[in-house]
Amino acid sequence: MTSPNPICVALDTPDLGRARLFVNSLRGHVGYVKLGMEFFYAHGAEGYRAIANEGVPVFLDLKLHDIPNTVAQGLRSLMALSPAPAIINVHATGGLDMMKAARDAVPAATRLIAVTVLTSLSNENIHAAGFDAARDTAAHALALAKLTHSAGLDGVVCSPHDLAGIRASLPRSFLTVVPGIRPADSAAHDQKRIATPKTAVEAGADVLVIGRAITG
Ligand code: C5P
């Protein structure tokens with residue numbers, strides 16, 4: 184399911200009370216809330232249900248990355264959650280077979296997307312990690328987005344700077360979920376590849392993941 188409101192607020196807290204407070208004050212103003220690993224590892228299925236039952240679609244951002252069988256089984260366990268997450272994700276660097284196995288495990292009602300290159304990583308960071316030094320982050324993100332599309336997933340998580348290449352190469356229906364969003368004069372924090380909401384939407388972002396700029 185895709186919300187008509189593109190704003191997805193990253194709750195990024197292990198505190199159930201704080202997450203509940205946020206979801207209550209955000210209801211009606213945002214399209215999604217995003218629950219990440221710090222929340223899910225602390226509160227599990229019960230905590231997830233407490234937030235998901237508040238009526239705002241949930242992006243469950245657990246970024247699964249393992250061998251195909253393990254990722255598929257992990258996703259099947261997550262698909263038992265009710266209400267089902269609106270969006271769930273894996274890492275595209277897990278490879279084609281892993282993403283195909285993930286696709287088989289997730290019914291179409293949940294959008295299954297893949298993380299390309301984390302927005303906290305610079306060219307220097309990915310080259311130090313062993314990625315092809317002849318390619319920059321945008322080129323790696325595009326290659327991973329093409330792999331994700333060929334595996335049959337619904338879209339990708341990518342930086343605002345990666346959107347131009349992805350929009351030029353893949354169908355418009357391919358979902359782009361974009362973190363690293365900052366109002367014009369706010370702090371970048373640990374993000375390296377950022378853009379304003381306006382620039383990201385103009386570049387073709389479908390969902391804007393905004394954390395500290397709202398929750399902080
Ligand atoms: O506070 P901020 O707006 O930087 O939060 C961004 C959110 O998006 C965090 O929850 C972070 O984990 C997530 N994210 C990201 N880059 C990715 C994938 C997810 O920043 N490539």
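Here our numbering is used: the first residue of the sequence shown is 184, the next is one more, and so on. For every residue, glycine included, the Cβ atom is placed at its ideal position computed from N, Cα and C. Since the structure is predicted, the reported quantities are computational estimates derived from the model, not experimental observations.
query                                                                                                                                                                  : result
Between the stretch 334-352 and the stretch 382-398, do three or more beta carbon pairs fall short of 8 Å?                                                             : yes
Let me make sure I understand the geometry here. Which of Leu-353, Ser-303, Ile-296, Gly-394 has the alpha-carbon closest to that of Pro-268?                          : Ile-296
Using the three-state DSSP reduction, which class does His-248 fall into: helix, strand or coil?                                                                       : coil
Taking Cβ to Cβ, would you say His-344 is nearer than 9 Å to Arg-376?                                                                                                  : yes
Comparing alpha-carbon positions, which option in His-310, Pro-266, Val-216, Lys-329 lies nearest Glu-229?                                                             : Pro-266
Going by alpha carbons, who is nearest to Gln-256 out of Ala-284, Leu-245, Ala-378, Ala-347?                                                                           : Ala-284
Does Leu-391 come out as helix, strand or coil in the three-state DSSP assignment?                                                                                     : strand
Measuring only the C-alpha atoms, how far is Leu-204 from Asp-195?                                                                                                     : 13 Å
Return the chain-ordered list of same chain residues with a C-beta closer than 7 Å to the C-beta of Val-298, the five sequence neighbours on each side being excluded. : Lys-246, Asn-272, His-274, Ala-275, Val-340
In whole angstroms, give me the CA-to-CA distance for His-226 and Ala-317.                                                                                             : 42 Å
First and last residue of the beta strand (DSSP E) that includes Gly-332?                                                                                              : A small correction: the amino acid at residue 332 is His; Gly does not occupy that position in the sequence shown. Unbroken run through His-332 is the alpha helix (DSSP H), 320-333; no beta strand (DSSP E).
Using a Cβ-Cβ cut-off of 7 Å (strictly less than) and excluding sequence neighbours within five positions of Ala-321, which residues of its own chain qualify?         : His-344, Asp-345, Gly-348
For Arg-294, does the count of other Cβ atoms within 10 angstroms reach 16, so buried, or fall short, so exposed?                                                      : buried
How big is the Cα-Cα spacing for Ser-260 and Asp-287?                                                                                                                  : 13 Å
If you scan the stretch 228-287 from start to end, which runs of the beta strand (DSSP E) of 3 or more residues do you find wholly inside it?                          : 241-247, 270-274
Does the beta-carbon of Gly-363, which I'm using as the reference point, lie nearer than 8 Å to any heavy atom of ligand 1?                                            : yes
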